[in-house]
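So the structure is just underneath, and the comments pick up after that.
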Amino acid sequence: MRAGRPEGRHHPRAGHGRLPARDLERPPLPAGLRGRHGAGGARHLPGPGPGRAAPRAGRGLPADRLRVALLKRPGIRADTSRVPDAQDVTSPRPPRTLPPEAIAGLREAFAGEVASRLPRLQELLDGAPGPDSVRDAHALGSSAVVVGEPDASRTARALEAELGADVPDRERLAVLVRTLTDQLQGWT
Numbered sequence: 077m078r079a080g081r082p083e084g085r086h087h088p089r090a091g092h093g094r095l096p097a098r099d100l101e102r103p104p105l106p107a108g109l110r111g112r113h114g115a116g117g118a119r120h121l122p123g124p125g126p127g128r129a130a131p132r133a134g135r136g137l138p139a140d141r142l143r144v145a146l147l148k149r150p151g152i153r154a155d156t157s158r159v160p161d162a163q164d165v166t167s168p169r170p171p172r173t174l175p176p177e178a179i180a181g182l183r184e185a186f187a188g189e190v191a192s193r194l195p196r197l198q199e200l201l202d203g204a205p206g207p208d209s210v211r212d213a214h215a216l217g218s219s220a221v222v223v224g225e226p227d228a229s230r231t232a233r234a235l236e237a238e239l240g241a242d243v244p245d246r247e248r249l250a251v252l253v254r255t256l257t258d259q260l261q262g263w264t
């Protein structure tokens, strides 16, 4: 040992030459946190700090690993390879979990939607589509499913698709509006 210098290894960022070796070594990891190769294995870091969101499941995973990760979550269907089609989306589902007051409220709200949106859609028979025509068709299609009107929902979705086309077919629009009017006649 030279005079005036502490014993130990040189640390490049120390700025003072040499530091004692005991200052540079990490404390040993507890047995449960060691990797399969002992202390040199993977380090387990704590979760996100305050104000930072935890990473979502599946972020950055390849598709096959994402599917496995999602299947392990409760409430996820095992058949995630099948994409839901229009029939799945518009299929009527009995509202078994809602109390009768809530169902009555939904039906009343739908009647109000029909009363306000259907007349605007009927104006398509006389003129060009208005700026809210697509929104009106979409709203009626979505809410018709909730109150158990799958046929009206499919018709409204078809009307929405036709209105969204670059050049809507006037005859098809007229047929769809008349059909939707007939299907929702009991709600006016």
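Sequential numbering from 77 applies to the sequence shown in my numbering.
Every residue gets a Cβ at the ideal spot worked out from N, C-alpha and C, and that includes glycine.
This structure is a prediction, so every number in the text was calculated from the model and none was measured.
For this session: Compare the C-beta of residue 224 with all C-beta atoms of chain D and state if any pair is closer than 7 Å.
Result: No chain D appears in this structure, which consists of one protein chain only.
Problem set entry | residue 243 versus residue 237: straight-line alpha-carbon distance, rounded | 11 Å
For this session: Could you give the DSSP three-state label for residue 225: helix, strand or coil?
Result: coil
Exercise. On the three-state DSSP scale, how would you describe residue 255?
Worked result: helix
Exercise. What does a CB cutoff of less than 8 Å around residue 253 pick up in its chain, not counting 5 residues either side in sequence?
Worked result: 197, 198, 200, 201 and 235
Exercise. When you compare each of 204, 182 and 192 to residue 257 by their alpha carbons, which one comes out closest?
Worked result: 192
For this session: Assign residue 176 to one of three DSSP states: helix, strand, or coil.
Result: helix
For this session: Return yes when the Cβ of residue 222 is within less than 7 Å of the Cβ of residue 183, no when it is not.
Result: no
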